Amino acid sequence: MNKRGQLTIFIIIAVMIVAAVISVFVFRDSIFPSDAGGEFAEIYESFDDCVERGTLDALGIAGVQGGYVDVPEFEPGSNHAPFSSQLDFLGNPVPYWYYVSSNGVVKEQVPTLSVIESQVEKYLEEEIMNCDFTSFRKQGVVIDFGEPRTNVEIRDENVDVSVDLNLVIEKGDNKERKSKHDVRVDSEFGGMYDLARDVYSKQKKDALFESYGVDVLYNYAPVTGSEISCSPLTWNPQEVIDDLKSGLSANIGALKLDGDYYELKSKEEKYFVIDVESDYSANFVYDVNWPTRVEVWPVENSVMIAEPVGLEQGAGILGFCYVPYHFVYDIYHPVLVQIFNEDEVFQFPVSVVIDKSVAREALKGEVAEDTGLEGFCSNKNTRVEVNTYDSDLNSLEANINFVCFNERCSMGRTSISGEEARLVTEFPQCVNGKVVASAEGYVSAEEVISTNEFESVDLILDKIYEVDLELLVDGRKIILGDEGMAIVRFEGEFYNGVAAYPSQEKIKLAQGFYNVSVQVFSDGDLRIPGSSTRNCVDVPAGGIAGFFGRTNEECFSIELPAQTLSSALTAGGRSVEFISEEFDLRGGDKLVLDIPSLPRPNSLEQLQQNYQLIESNYLEVSFR
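One rule links them: number in this note's numbering = place in the sequence shown (from 1) + 28.
Here you go:
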């Protein structure tokens with residue numbers, strides 16, 4: 029057979045293979061019938077609903093926490109830079125996307141979409157294990173499933189969730205198995221996140237909030253100017269600072285994005301419109317009670333003084349005397365950006381820095397994307413030994429990861445050999461990397477090492493216990509209505525436990541010190557009436573009068589709509605506790621929290637006071 033004939037045969041075979049593959053793909057439903065039969069459709073639907081609820085819960089948490097389901101490690105602030113790494117907003121930690129650390133270093137912590145998706149996947153995998161099939165099991169249906177593996181893709185108008193999980197359903201002689209579950213969740217989280225990134229990029233590039241802040245500074249405080257007077261001018265610096273904070277709060281609250289969710293009542297209000305197009309509603313918030321640093325120079329004995337010129341000997345040629353003044357300010361304060369879409373919210377804070385009366389310089393470049401050390405995990409050349417134990421120093425098998433900067437490498441798993449659970453393998457070289465050990469049902473343990481030479485690491489993992497909860501208010505069993513709930517938080521250095529009572533009557537804890545806090549919300553209609561706030565700004569007058577500091581006042585009104593709250597804070601408190609594994613957790617006792625009550629709020633002012641009272645109310649924690 030000649031070569032041309034051989035080539036023709038190969039071409040025909042290739043065409044037949046391609047045709048077969050296409051046929052299998054097109055007619056796969058007929059060739060491979062679905063493993064999810066109609067008899068158990070209601071169970072599959074219930075599982076999909078559970079996945080959807082878990083996804084929405086995770087997105088809700090991420091939305092109010094700057095995109096994070098699990099917030100980054102807390103970094104405290106300082107007297108110079110008061111921000112810390114998180115803004116405490118109504119008791120919730122919201123990581124700053126941009127802030128100045130306690131030692132003056134500018135830091136960013138903007139979560140990429142892949143980071144958010146990964147954290148939602150982790151949250152969802154835990155929630156799926158709690159899907160409730162009780163009603164079906166009571167009907168004699170046997171339902172078994174293994175460990176889920178999820179994949180989440182966040183889009184502008186929806187979220188696609190794919191769950192790999194062997195869901196086995198059996199009733200009588202009928203048995204079905206479904207291993208692939210695809211759920212589309214209606215959520216515009218992705219669109220709001222993209223808008224948040226656009227706003228942040230604009231702020232990062234143009235220092236928007238600093239520019240508005242400088243305008244507020246020049247309109248609400250004495251900065252540079254002069255007055256025709258022969259007497260000194262004095263100001264109370266604390267009053268000046270209070271006026272500045274109030275001005276910042278009012279002006280930042282008036283900011284808007286370029287959208288159709290509002291109506292401008294005058295052309296002057298265009299000043300408050302930020303040049304970022306938006307299909308969503310947006311709020312910009314600064315609260316005068318948030319961590320803020322305002323300093324002014326010069327100040328003498330707590331008084332700002334400006335001395336007149338023209339009274340000195342030989343100055344009579346002026347024919348008049350005037351008082352020039354020049355004060356310099358440092359203003360450090362946060363701004364919270366909130367984006368809304370019906371019941372969804374996405375918010376993130378940034379720190380605003382005005383240094384010596386000048387806005388910070390705009391930062392170069394775009395928002396950071398995923399970065400890494402290419403090929404880092406594959407360059408393993410340093411031998412490391414890792415041993416893992418439980419709190420009783422018994423050998424415990426655990427998964428081992430190595431973290432260096434943004435890179436996370438899976439190193440394997442310790443295995444029990446003799447009396448030790450040990451892993452000996454090659455690690456990539458890194459100075460001050462972290463070895464992280466994790467095992468199901470235990471708190472992850474970590475240790476910082478430098479892998480430029482041989483290291484041996486021992487890691488102890490504390491066991492996690494599930495504990496029954498009982499809540500009391502002033503010593504009496506708590507009674508919550510349909511809208512009532514209590515948020516219980518145990519915040520530790522290495523592990524956090526959270527429960528939403530009464531839907532969750534158990535909480536998972538491990539041994540350690542915890543900052544314990546409880547907030548109880550009871551039924552009640554609290555109506556906050558609408559109000560109109562009138563704000564005025566001084567603008568320089570025209571002509572020579574403006575040269576001498578004369579200004580004209582221009583005013584505008586901000587309408588705040590009425591709101592009705594269906595539940596309100598009625599009890600709460602805090603304490604610091606050490607939870608012992610030996611004496612508290614192993615005994616199987618119930619965890620009892622006795623919470624001090626608060627005045628039942630009948631006004632917005634009382635509600636605000638209740639949030640402040642929580643900080644000083646002592647919460648009693650005991651095991652019974």
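Glycine included, every Cβ here is placed at the ideal spot set by N, Cα and C. Being a predicted model, the structure only gives us computed values, none of them experimental.
Alpha-carbon to alpha-carbon, residue j and residue i
i, j, result
"Glu358", "Glu238", "One point to set straight first is that residue 358 is Asp, not Glu, in the sequence displayed. Roughly 11 Å between the two C-alpha positions."
"Asn645", "Glu605", "15 Å"
"Asp85", "Glu155", "10 Å"
"Phe355", "Thr252", "6 Å"
"Tyr639", "Val464", "37 Å"
"Glu448", "Glu483", "17 Å"
"Ala334", "Pro326", "10 Å"
"Gln539", "Asp98", "20 Å"
"Asn148", "Val180", "For the sequence presented, residue 148 should be read as Val rather than Asn. Roughly 7 Å between the two C-alpha positions."
"Gly393", "Asp315", "Here Gly393 scores only 41 on pLDDT, less than 50, and its place in the model should not be relied on; the value that follows carries that caveat. Approximately 30 Å between the Cα atoms of the pair."
"Gln634", "Gly600", "14 Å"
"Asn311", "Pro139", "21 Å"
"Lys232", "Ile382", "14 Å"
"Gly200", "Lys491", "39 Å"
"Thr399", "Thr178", "Reliability fails at Thr399, whose pLDDT of 45 lies under 50, so the model's placement of it is uncertain and the value that follows must be treated cautiously. Taking the straight line from one Cα to the other gives about 24 Å."
"Gly319", "Val268", "Checking the sequence, you will find Pro at residue 319 rather than Gly. Pro319 and Val268: Cα-Cα distance of roughly 17 Å."
"Val331", "Pro265", "6 Å"
"Glu204", "Ile144", "34 Å"
"Gly287", "Ile623", "45 Å"
"Val351", "Leu272", "22 Å"
"Lys150", "Pro110", "32 Å"
"Asn524", "Leu537", "8 Å"
"Ala343", "Tyr240", "For Ala343, the pLDDT reaches just 42, beneath the cut-off of 50, and the residue's location in the model is therefore unreliable, although a value from the coordinates is still provided. Their backbone Cα atoms lie some 39 Å apart in a straight line."
"Ile171", "Tyr417", "34 Å"
"Asn194", "Ser146", "21 Å"
"Glu136", "Arg578", "41 Å"
"Ala528", "Lys298", "43 Å"
"Asn422", "Ile488", "9 Å"
"Asp486", "Glu175", "28 Å"
"Arg388", "Ala235", "7 Å"
"Ser112", "Ser229", "21 Å"
"Leu115", "Met439", "35 Å"
"Arg321", "Ile535", "39 Å"
Per DSSP, cross-strand counterpart(s) of residue i
i, result
"Arg212", "Asp188"
"Lys176", "According to the sequence shown, residue 176 is Pro rather than Lys. Partner(s): none; Pro176 has no beta bridge."
"Gln375", "Gln366"
"Gln547", "Ile515, Gly600"
"Lys135", "Tyr127"
"Asp243", "None; Asp243 has no bridge partner."
"Tyr314", "DSSP lists no partner for Tyr314."
"Gln114", "Pro123"
"Phe651", "Leu619"
"Arg504", "Val501"
"Gly219", "Answer is none; Gly219 lacks a bridge partner."
"Pro352", "Ser254"
Proximity test, Cβ basis, 8 Å: residue i and chain D
i, result
"Ser74", "As a matter of chain content, chain D is missing from the structure shown, which is built from one protein chain."
Buried versus exposed, by CB contacts within 10 Å (16 or more), residue i
i, result
"Leu424", "buried"
"Glu291", "exposed"
"Gln366", "buried"
"Pro627", "exposed"
"Phe518", "buried"
"Thr162", "exposed"
"Asp612", "buried"
"Pro377", "buried"
"Asn415", "buried"
"Lys206", "buried"
"Thr262", "exposed"
"Tyr542", "buried"
"Phe55", "Residue placement at Phe55 is poorly supported in this model, since its pLDDT is 44, which falls under 50; the coordinates are not used for a value here."
"Leu245", "buried"
Item checked: Uninterrupted beta strand (DSSP E) stretches inside the segment 259-285 (no shorter than 3 residues) -> 261-263
Notebook entry, point to check: Taking contact to mean at least 3 C-beta pairs separated by less than 8 Å, is the segment 98-107 in contact with the segment 166-186?
Noted result: The segment 166-186 and the segment 98-107 do not touch, with fewer than three beta-carbon pairs separated by less than 8 Å.
Checklist line | Entirely enclosed alpha helix (DSSP H) segments - the segment 425-474, minimum 4 residues | finding: none
Note to self: Would the segment 72-90 count as touching the segment 205-217 if we require 3 or more Cβ pairs under 8 Å?
What the structure shows: yes
Margin query: Whether or not the segment 490-501 and the segment 448-459 are in contact is what I'm after, with contact meaning three or more pairs of Cβ atoms, one per stretch, closer than 8 Å; do they touch?
Written below: The answer is no - the segment 490-501 does not touch the segment 448-459, with fewer than three Cβ pairs under 8 Å.
Notebook entry, point to check: Any chance the segment 410-422 sits against the segment 475-482, with 3 or more Cβ pairs inside 8 Å?
Noted result: At 8 Å Cβ cutoff, the stretches touch.
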